[in-house]
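Take a look at the structure set out below.
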Amino acid sequence: MQEFKHKPVLLDECLSGLNIRPDGVYVDGTLGGGGHSSEIAKRLTTGTLIGIDRDMDAIRAATARVREATPPGARFEALHGNFHDAKALLKSVGIEKIDGALLDLGVSSYQLDNRARGFSYQGDAPLDMRMDASQPFSARELVNEWPEKDIARVIREYGEENWAAQIARVLCDRRKLAPIETTAQLVDVIDAAIPKKVRARDGSHPARRTFQALRIAVNDELKPLEQALDDFASLLKPGGRLCVIAFHSLEDRVVKTTFHRLAHPCTCPPSFPVCVCGKKPTVTLITRKPITASDGELEENPRARSATLRIAEGV
């Protein structure tokens, strides 16, 4: 198995944002390579750290790394699952309330660099994109079986791609001749659909937005996110912190609007002199604007360039 390399994004900012108590209970909802978790674990004495990931490769690789960093009096446990189901997963190991949680919504470096996973538009690999390799639905099924209009909608909504309709049309024409089986075949489709002059003007790779869109759809990343944030907020003890790192505007928008709703839940008309709806805040906002990577971090880790960190605190 390829080594699970991982450079934790916004590490210092997350550690500061979590305001870690040595005896606290913390959750890394996206364990990944264990970069963030290892540093959280080092700051515990008698506390507990639970790592959650739907990628068994991540769990196998990160468990040894994090356990090595965990002091003798502290507890670390890795759970296979989705952070969307954090409430049930934590209850299964006897945890009802937490002092903090971290969610890193990006794809790990390992998943991008391991060609067999099919996340990257660089090189050639089977068209997969599953974060949990045990799930049956992959990008191959999506691009070869979904109707053209649904493929166009996914690329337009999740990738914010202006050429979504053209890409879906070319893709469906190509799959009539032979199935789209690899990432290189998909890149060829995108190249054929987007005019050369447009590709020349765009500073990023022309396939970036489509690959992002398919990954989000395959892994159902956006729809359950708001509820998951609600659940984590409800798990926080007073003063507990929830740190969320997003990597594109769609995710960050969900985090921003959910945090704002949790901090300002009142639905009374502005004309009412006092609140009568009875809805109370469950969090306060620690970050009014998102935290982004420093110039120094960007030099060391270019993948941090689109990362944004938002922090809320339980009340």
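Mapping of the sequence shown onto my numbering: position 122 corresponds to residue 122, and the numbering continues sequentially without gaps. All C-beta atoms in this analysis are idealised placements derived from N, C-alpha and C, irrespective of residue type, glycine included.
Where residue i falls, given that 16 or more other Cβ within 10 Å makes a residue buried
i, result
"Q227", "exposed"
"T210", "buried"
"T45", "exposed"
"L242", "buried"
"E145", "exposed"
"H264", "exposed"
"V93", "exposed"
Simplified DSSP state of residue i, which is helix, strand or coil
i, result
"G240", "strand"
"E96", "coil"
"A184", "helix"
"F232", "helix"
"V315", "coil"
"L44", "coil"
"A78", "strand"
"A125", "coil"
"L222", "coil"
"A62", "helix"
Cβ of residue i within 8 Å of any chain D Cβ
i, result
"A58", "Judged by its chain identifiers, the structure shown contains no chain D, having just a single protein chain."
For residue i: DSSP bridge partner residues
i, result
"Y26", "L49, G100"
"F119", "The partner list for F119 (beta bridge, DSSP) is empty, contrary to what the question assumes."
"V143", "Its beta-bridge partners do not exist; DSSP assigns none."
Reference residue i, options the options, closest by Cα
i, options, result
"H80", "E68, A133, G106", "A133"
"R130", "D124, P147, S138", "S138"
"K67", "T48, D55, F83, S294", "It should be pointed out that residue 67 corresponds to Arg in this sequence rather than to Lys. Answer by Cα proximity: T48."
"Y121", "Q212, G73, W163, N162", "Q212"
"T57", "R215, W163, A78", "Thr is not the amino acid found at residue 57; the sequence shown has Asp there. Checked all of R215, W163, A78; the closest Cα to D57 is A78."
"D28", "L89, G296, T282", "L89"
"T284", "A293, P224, R261", "R261"
"M125", "P147, H205, E181", "The residue asked about is misnamed: residue 125 is Ala in this sequence, not Met. When each option's Cα is compared against that of A125, the closest is E181."
"P290", "V315, V255, T282, R174", "V255"
### Query
Between the stretch 97-109 and the stretch 181-191, do three or more beta carbon pairs fall short of 8 Å?
no
### Message
Quick check: the stretch 166-181 against the stretch 136-153, are at least 3 beta-carbon pairs closer than 8 Å?
### Response
yes
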